[in-house]
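Q: Chains A, B, C, D, E and F, in that order, give the protein sequences.
Under the numbering used here, the first sequence has 71 at position 71, and the numbering climbs by one with no breaks.
Numbers given in the numbering used here equal positions in the second sequence, counted from 1, plus 113.
Numbers given in the numbering used here equal positions in the third sequence, counted from 1, plus 226.
Numbers given in the numbering used here equal positions in the fourth sequence, counted from 1, plus 339.
Numbers given in the numbering used here equal positions in the fifth sequence, counted from 1, plus 452.
Numbers given in the numbering used here equal positions in the sixth sequence, counted from 1, plus 565.
Glycine included, each C-beta is placed from N, C-alpha and C at the ideal position.
All of these numbers come straight from a predicted model, not from anything done at the bench.
Protein chains: 6
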Amino acid sequence: MELVNDFNEYRAKMNERILGSENKVIKRIFNLDTNAFADGALDSKTKELLGLTCSMVLRCDDCVKYHLGKCHEMKFTDEQIFEAFAIANLIGGTIVIPHLRRATEYWDSLKTS
Amino acid sequence: MELVNDFNEYRAKMNERILGSENKVIKRIFNLDTNAFADGALDSKTKELLGLTCSMVLRCDDCVKYHLGKCHEMKFTDEQIFEAFAIANLIGGTIVIPHLRRATEYWDSLKTS
Amino acid sequence: MELVNDFNEYRAKMNERILGSENKVIKRIFNLDTNAFADGALDSKTKELLGLTCSMVLRCDDCVKYHLGKCHEMKFTDEQIFEAFAIANLIGGTIVIPHLRRATEYWDSLKTS
Amino acid sequence: MELVNDFNEYRAKMNERILGSENKVIKRIFNLDTNAFADGALDSKTKELLGLTCSMVLRCDDCVKYHLGKCHEMKFTDEQIFEAFAIANLIGGTIVIPHLRRATEYWDSLKTS
Amino acid sequence: MELVNDFNEYRAKMNERILGSENKVIKRIFNLDTNAFADGALDSKTKELLGLTCSMVLRCDDCVKYHLGKCHEMKFTDEQIFEAFAIANLIGGTIVIPHLRRATEYWDSLKTS
Amino acid sequence: MELVNDFNEYRAKMNERILGSENKVIKRIFNLDTNAFADGALDSKTKELLGLTCSMVLRCDDCVKYHLGKCHEMKFTDEQIFEAFAIANLIGGTIVIPHLRRATEYWDSLKTS
Numbered sequence: 001m002e003l004v005n006d007f008n009e010y011r012a013k014m015n016e017r018i019l020g021s022e023n024k025v026i027k028r029i030f031n032l033d034t035n036a037f038a039d040g041a042l043d044s045k046t047k048e049l050l051g052l053t054c055s056m057v058l059r060c061d062d063c064v065k066y067h068l069g070k071c072h073e074m075k076f077t078d079e080q081i082f083e084a085f086a087i088a089n090l091i092g093g094t095i096v097i098p099h100l101r102r103a104t105e106y107w108d109s110l111k112t113s
Numbered sequence: 114m115e116l117v118n119d120f121n122e123y124r125a126k127m128n129e130r131i132l133g134s135e136n137k138v139i140k141r142i143f144n145l146d147t148n149a150f151a152d153g154a155l156d157s158k159t160k161e162l163l164g165l166t167c168s169m170v171l172r173c174d175d176c177v178k179y180h181l182g183k184c185h186e187m188k189f190t191d192e193q194i195f196e197a198f199a200i201a202n203l204i205g206g207t208i209v210i211p212h213l214r215r216a217t218e219y220w221d222s223l224k225t226s
Numbered sequence: 227m228e229l230v231n232d233f234n235e236y237r238a239k240m241n242e243r244i245l246g247s248e249n250k251v252i253k254r255i256f257n258l259d260t261n262a263f264a265d266g267a268l269d270s271k272t273k274e275l276l277g278l279t280c281s282m283v284l285r286c287d288d289c290v291k292y293h294l295g296k297c298h299e300m301k302f303t304d305e306q307i308f309e310a311f312a313i314a315n316l317i318g319g320t321i322v323i324p325h326l327r328r329a330t331e332y333w334d335s336l337k338t339s
Numbered sequence: 340m341e342l343v344n345d346f347n348e349y350r351a352k353m354n355e356r357i358l359g360s361e362n363k364v365i366k367r368i369f370n371l372d373t374n375a376f377a378d379g380a381l382d383s384k385t386k387e388l389l390g391l392t393c394s395m396v397l398r399c400d401d402c403v404k405y406h407l408g409k410c411h412e413m414k415f416t417d418e419q420i421f422e423a424f425a426i427a428n429l430i431g432g433t434i435v436i437p438h439l440r441r442a443t444e445y446w447d448s449l450k451t452s
Numbered sequence: 453m454e455l456v457n458d459f460n461e462y463r464a465k466m467n468e469r470i471l472g473s474e475n476k477v478i479k480r481i482f483n484l485d486t487n488a489f490a491d492g493a494l495d496s497k498t499k500e501l502l503g504l505t506c507s508m509v510l511r512c513d514d515c516v517k518y519h520l521g522k523c524h525e526m527k528f529t530d531e532q533i534f535e536a537f538a539i540a541n542l543i544g545g546t547i548v549i550p551h552l553r554r555a556t557e558y559w560d561s562l563k564t565s
Numbered sequence: 566m567e568l569v570n571d572f573n574e575y576r577a578k579m580n581e582r583i584l585g586s587e588n589k590v591i592k593r594i595f596n597l598d599t600n601a602f603a604d605g606a607l608d609s610k611t612k613e614l615l616g617l618t619c620s621m622v623l624r625c626d627d628c629v630k631y632h633l634g635k636c637h638e639m640k641f642t643d644e645q646i647f648e649a650f651a652i653a654n655l656i657g658g659t660i661v662i663p664h665l666r667r668a669t670e671y672w673d674s675l676k677t678s
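(1) Once you ignore the five residues that flank Val283 of chain C on each side, which residues in its own chain have a CB closer than 6 Å to its CB?
(2) How long is the line joining the alpha carbons of Lys592 of chain F and Asp6 of chain A, rounded to whole angstroms?
(3) Rounded to the nearest angstrom, what separates Leu388 of chain D and Glu412 of chain D at their Cα positions?
(4) Leaving out the 5 sequence neighbours to the left and right, which residues in its chain are closer than 7 Å to Ala167 of chain A when beta-carbon positions are compared?
(5) In this structure, how does DSSP classify Asp174 of chain B when only helix, strand and coil are distinguished?
(6) Determine the direct distance from the alpha carbon of Ala536 of chain E to that of Arg130 of chain B, and round the result to whole angstroms.
(7) Take His99 of chain A as the anchor and find which of A:Cys54, A:Thr112 and A:Lys111 has the nearest alpha-carbon.
(8) Could you tell me the distance, in whole angstroms, from the CA atom of Phe528 of chain E to the CA atom of Tyr558 of chain E?
(9) I need the straight-line Cα distance from Asn148 of chain B to Ile321 of chain C, nearest angstrom please.
(10) For Thr611 of chain F and Thr498 of chain E, what's the separation of their Cα atoms in angstroms?
(11) CB-CB under 7 Å to Ile646 of chain F, same chain, minus the five flanking residues each way: which ones, in chain order?
(12) Just to confirm before moving on: does the CB-CB distance between Glu2 of chain A and Ser109 of chain A stay below 9 Å?
(13) Compare the C-beta of Leu155 of chain B against all C-beta atoms of chain F and say whether one is closer than 9 Å.
(14) Closest Cβ-Cβ distance between Leu371 of chain D and chain F: below 9 Å?
(15) His632 of chain F to Asp626 of chain F, Cα distance in whole Å?
(16) Need the endpoints of the alpha helix (DSSP H) that Gly318 of chain C sits in, please.
(17) Between Lys273 of chain C and chain D, is the shortest Cβ-Cβ distance under 9 Å, so that the two count as touching?
(18) Excluding the 5 residues flanking Val64 of chain A on each side, which residues of the same chain have their C-beta closer than 8 Å to its C-beta?
(19) Chain C beta carbons: is any one of them nearer than 9 Å to that of Cys628 of chain F?
(20) Step through the CB atoms of chain A and report whether any lies within less than 9 Å of the CB of Ile244 of chain C.
(21) Curious, which full-length alpha helix (DSSP H) runs of at least 4 residues does the stretch 574 to 609 of chain F contain?
(22) Under 8 Å between beta-carbons, which chain A residues line up against Leu655 of chain F? List them in chain order, please.
(23) Would you verify that the beta carbon of Thr303 of chain C is, or is not, closer than 9 Å to some beta carbon of chain F?
(24) At 7 Å on the CB atoms, spell out the chain E contacts of Leu615 of chain F, in chain order.
(25) When you compare the CB of Val251 of chain C with every CB in chain E, is at least one pair closer than 9 Å?
(26) Using beta-carbon positions only, say whether Ala312 of chain C and Asn588 of chain F come within less than 9 Å of one another.
(27) Let me see if you follow: with CB-CB separation under 9 Å, is Arg285 of chain C close to chain H or not?
(28) Rounded to a whole number of angstroms, what is the C-alpha to C-alpha distance between Val569 of chain F and Ser678 of chain F?
(29) In chain order, what residues of the same chain have a beta carbon less than 8 Å from the beta carbon of Lys337 of chain C, not counting five sequence neighbours either side?
(30) Do you know offhand how far Val138 of chain B's Cα is from Arg59 of chain A's?
(31) Helix, strand or coil, according to DSSP, for Lys301 of chain C in the structure here?
(32) Along chain F, which residues have their Cβ under 9 Å away from the Cβ of Ala488 of chain E?
(33) Is the beta carbon of Asp417 of chain D less than 9 Å from the beta carbon of Ser21 of chain A?
(34) At the level of alpha carbons, what is the spacing between Met466 of chain E and Phe143 of chain B?
This is the structure in structure tokens:
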């Protein structure tokens, strides 16, 4: 729970600070996120999984946390998450494993929070 | 059509050559691919999209081509493919655009082949 | 000259095809490019160099070509371009060298076109 | 201020340890840094921005911190820094955002230190 | 010593949790590691160095720590480790330096543990 | 043979052009290569393998070709090369496979040239 709260608080605080800089390009990039992951020709659950695995192969712990949070809200099961992890691990190689460890820890924290 | 055939022929020829080297580790990695993308807790169509977007953000043209070929067999629509492209483009940034161009050209070739 | 024309023609053709897909997220990402590189608190010449070196360390030949084309229009000298290359080469390491070769060839083509 | 001091102290201590290993190749790479970023055909302020944005798209927090420190000494304004961030964010994609958060926090620390 | 113990404990705990998920693909990837680094046409000491430098250029601190632990057991000398570091630093560029700092700190911890 | 000659000729021609630019930083980076891969605490054969696998996980075809050329001169066997490939494939994941195909084709060309 601490892991989850710390991540969300820091993320919210710094996003506010960044958007407060009034840089138009950054603001628009932040806004595009909502659009890109909304229901469309692909449903939002599928899109969230795309976000999760892309974040994993690019090895960004915070991006993985963000998408895991969304996946948790969307009621993905453990088995589904680990199948997505497996694809990321296979495509991205063993270099992904340390991120897989931290992702699994975070996923478990989400379930108890 | 030429794009598609050239890719498939070279891929098939070189995979055979590599597997002929009798290196066990490489053989097993190649075999894992079939497992990872098979129906499970997630269906194979969703998994193929994960493969596609991960390949796109990692900027591997040949991996993108391979997954586009599979997506074509699975009857994904243009709109669905472009929504997956959009997520990859947003997460991976404009550095992904040249790969998006080649992917679009290949996708169009698949539709006429 | 052929290098330059081939690149520009393929880029223009495929960008038109991609934007014709009517995917809003991709369209907006393409539009952001114009904004991000326009004169502002930093002048557009400085920004173009940022685009060039970022493309070089991320090892994207086509992105490098695009920014070199802009740098050529903006009258950067050989010495300036090579100092930018040097920073990219130092930060990105010797893995960047093959891209440096193709970038230099393209830069020379721009000067004779 | 703590963020800034911690970074600088650890960096100084470990650089000294690494250079003490007497490995010639590493020593020369460290020395090249001074050369590459000195005034030349491009001025050192422009070069520092190149270092900053390259570090950002390559997603190295410590490299970003180092160049932000230099940018602070060189009196770059908030607006200029955020325009450089915007280019890195656009080229590198939303995967860069968590690094943007930490970079912004560090930049704010520099201003109060 | 604390650095080393913390790393090993977290790694062991999370690997157990991940393997407990009973995902076959992930399990097989974990198993391949043992095979790939065993004595063969290349001896295991050479292979460990390959693992170390690949981890360094891919900038994965935890992977570097894992391979440094193995290199320490295999009695590599300081000079040998720094020559491997130098190659990774040259190929991967100065972006590797922050990882080099943490790797050196960990290597020194191993020697006193 | 054509693959090998084309690579070597282009590489030689463009390296000469780049070094002719008289940029000191780039010149020194090029010179460091000879130093880093010379016999030292680690022998030059081991170092060449480090260069090969690092190039493979970083997915740079031309860097792989260069190191394969050196490995061929040093009389590495097929089995040794494929064990190095296997480690790169495992660490770097299936995203490395297209580069493995081109590397194998080039290695076979070297043996018949």
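A: Quick answer:
(1) Ala314, Ile317 and Gly318
(2) 47 Å
(3) 13 Å
(4) Any question about residue 167 of chain A goes unanswered here, given that chain A covers just 1 to 113.
(5) Asp174 of chain B falls in the helix class under three-state DSSP.
(6) Between the C-alpha atoms of Arg130 of chain B and Ala536 of chain E there is a straight-line separation of about 31 Å.
(7) A:Cys54
(8) Here the alpha carbons of Tyr558 of chain E and Phe528 of chain E stand approximately 14 Å from one another.
(9) Computed Cα separation, rounded: 33 Å.
(10) 7 Å
(11) Cys636 and Trp672
(12) yes
(13) no
(14) yes
(15) 10 Å
(16) In the DSSP assignment, Gly318 of chain C falls within the alpha helix (DSSP H) that extends over Asp304 to Gly318.
(17) yes
(18) Leu52, Ser55, Met56, His99, Arg102, Ala103 and Tyr106
(19) yes
(20) no
(21) 589 to 601
(22) What Leu655 of chain F touches in chain A: Gly93 and Thr94.
(23) no
(24) Leu501, Leu502, Thr505, Ala536 and Ile539
(25) no
(26) yes
(27) Note that chain H does not occur in the displayed structure, where the protein chains are A, B, C, D, E and F.
(28) 8 Å
(29) His298
(30) 23 Å
(31) Here Lys301 of chain C sits in coil by DSSP.
(32) Within 9 Å Cβ-Cβ: Glu648, Ala651, Ile652, Asn654, Leu655 and Ile656.
(33) yes
(34) 26 Å
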